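Residues in the sequence shown are numbered from 13 upward in steps of one, following this note's numbering. Backbone N, C-alpha and C fix where the C-beta goes; we use that ideal spot for every residue, glycine too. Treat the numbers as computed from the prediction; the structure is a model and nothing was measured. In what follows, a structure is listed as structure tokens, so that the remarks can point back to it.
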Amino acid sequence: MVKVTYLGHSGFLAELPEALLLFDYYIGSLPELPADKPLYVFVSHRHGDHFNPAIFRLTEKYGQVTFFLSHDIRLTPAHMERWGIGREDEGKIRSLKPRENYRVPGLGTVETLKSTDEGVAFLVTVNETVLYHAGDLNWWLWKGEDKGWLGNMTANFKREIARIAGRRIDLAFLPLDDRQGEYFYKGMDWFLRSCRVRYAFPMHFWEDGSVVRRFELLPCRKDYSTVVCSTADEREWELAL
13 MVKVTYLGHS GFLAELPEAL LLFDYYIGSL PELPADKPLY VFVSHRHGDH FNPAIFRLTE
73 KYGQVTFFLS HDIRLTPAHM ERWGIGREDE GKIRSLKPRE NYRVPGLGTV ETLKSTDEGV
133 AFLVTVNETV LYHAGDLNWW LWKGEDKGWL GNMTANFKRE IARIAGRRID LAFLPLDDRQ
193 GEYFYKGMDW FLRSCRVRYA FPMHFWEDGS VVRRFELLPC RKDYSTVVCS TADEREWELA
253 L
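See the structure below:
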């Protein structure tokens with residue numbers, strides 16, 4: 013059984029039997045976390061809607077905390093002082109580069125993909141459970157951009173997703189951004205066609221949950237059996253995997 017809590021925008025907490033995984037948390041209230049489970053905190057990149065330095069204060073309440081930060085979040089002495097990171101906490105922080113595979117004792121494996129914006133996406137395997145958090149890795153098609161830029165974006169996104177094509181993924185947290193207009197669903201649609209996803213959680217839509225409902229009405233929705241959990245209407249799910 014896995015419990016998933018949506019914290020807002022792109023923030024999620026996944027409680028597995030073995031551990032707690034917290035992704036891109038910057039707003040919202042965390043539920044009370046069980047003290048006997050290790051907490052792993054993932055930050056996909058430095059943008060303010062994905063990274064809040066207040067996460068480092070979690071060590072004050074929870075003893076078993078490990079941070080996985082995208083390489084673009086620089087732990088300079090000035091940043092560490094500003095963010096309240098003491099020397100005793102330095103060993104709890106790991107900086108991850110894109111397109112790497114990390115073995116994490118006590119957790120499993122953490123794979124990274126290169127974002128089409130900033131930072132990385134995460135593919136985390138804990139025993140038999142596989143979770144994917146896209147961060148800002150998405151097929152970003154914006155009106156007004158020139159054909160060359162759009163062509164590069166398309167090639168880069170598809171190339172990155174091809175690295176994990178065909179993989180089974182239990183929980184996938186994927187951008188669904190209404191600012192893209194008619195192209196809002198392209199990245200999520202491509203991902204669900206490329207991977208075998210059991211449960212998908214739309215994210216990165218701020219407060220406009222209507223984009224989730226619009227996705228469910230698209231003709232392409234019939235092409236894959238993925239259960240899309242409506243983050244527009246719910247905040248918690250208990251899922252048997």
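Only counting the same chain, and skipping five residues up and downstream in sequence, which positions put a Cβ closer than 8 Å to that of arginine 106? For this step, residue 106 is matched to residue 94 along the sequence shown. Thr78, Phe79, Phe80, Leu81 and Tyr114, listed in sequence order.
Cross-strand partners of tryptophan 249 (DSSP beta bridge): Counted from its first residue, the sequence shown places residue 249 at position 237. Per DSSP, Val16.
Local Cβ density within 10 Å of glycine 131, reported as buried at 16 or more and exposed below that: Your numbering for residue 131 matches position 119 in the sequence shown. The residue is buried, with at least 16 neighbouring Cβ atoms inside 10 Å.
Cα separation between tyrosine 74 and methionine 165? One-based indexing of the sequence shown puts residue 74 at position 62. One-based indexing of the sequence shown puts residue 165 at position 153. If you draw a straight line from the Cα of tyrosine 74 to the Cα of methionine 165, it is about 40 Å long.
Cβ separation of leucine 28 and leucine 51, assumed to be a contact under 8 Å, to the nearest whole Å: Translated into the one-based positions of the sequence shown, residue 28 becomes position 16. Translated into the one-based positions of the sequence shown, residue 51 becomes position 39. About 11 Å; that fails the 8 Å criterion.
Touch test, the region 203-223 against the region 179-190, Cβ-Cβ under 8 Å, three pairs minimum: yes
Going by alpha carbons, who is nearest to phenylalanine 196 out of Lys109, Glu157, Asn150 and Ser56? Working through the sequence shown from its first residue, we reach residue 196 at position 184. Checked all of Lys109, Glu157, Asn150 and Ser56; the closest Cα to phenylalanine 196 is Asn150.
Between glutamate 93 and the ligand FMN, is the CB less than 7 Å from at least one heavy atom? As presented, the structure is devoid of all ligands, the ligand FMN included, so that no description of it is given.
Give the list of continuous alpha helix (DSSP H) stretches no shorter than 4 residues that lie fully inside the region 206-233. Taking only runs of at least 4 residues, the alpha helix (DSSP H) segments lying wholly in the region 206-233 are 222-228.
Are valine 142 and arginine 86 close, meaning C-beta to C-beta below 8 Å? Numbered from its first residue, the sequence shown carries residue 142 at position 130. Numbered from its first residue, the sequence shown carries residue 86 at position 74. The criterion of a C-beta distance shorter than 8 Å is not satisfied by valine 142 and arginine 86.
What residues in its chain sit with their C-beta under 7 Å from that of asparagine 168, if we drop five residues either side in the sequence? For the purposes of this step, residue 168 is taken as the residue at position 156 of the sequence shown. Counting only Cβ-Cβ distances below 7 Å, and skipping sequence neighbours, we find Thr128.
Roughly how many angstroms lie between the CA atoms of leucine 254 and threonine 121, to the nearest whole one? Nothing about residue 254 can be read from this structure; the chain reaches only from 13 to 253.
Residues of its chain near proline 43, where Cβ-Cβ distance is below 8 Å and the 5 sequence neighbours each way are ignored: The sequence position of residue 43 within the sequence shown is 31, counting from 1. The answer, listed in chain order, is Thr17 and Leu25.
From Asp190, Glu250, Arg205 and Arg247, residue whose alpha carbon lies closest to that of arginine 226: Translated into the one-based positions of the sequence shown, residue 226 becomes position 214. Ranking the options by Cα distance to arginine 226, first place goes to Asp190.
Which same chain residues end up closer than 6 Å to glycine 20 when comparing Cβ atoms and leaving out the 5 residues on each side of it in sequence? Taking the sequence shown and counting its residues from 1, the one referred to as residue 20 is at position 8. Ile39 and Gly40.
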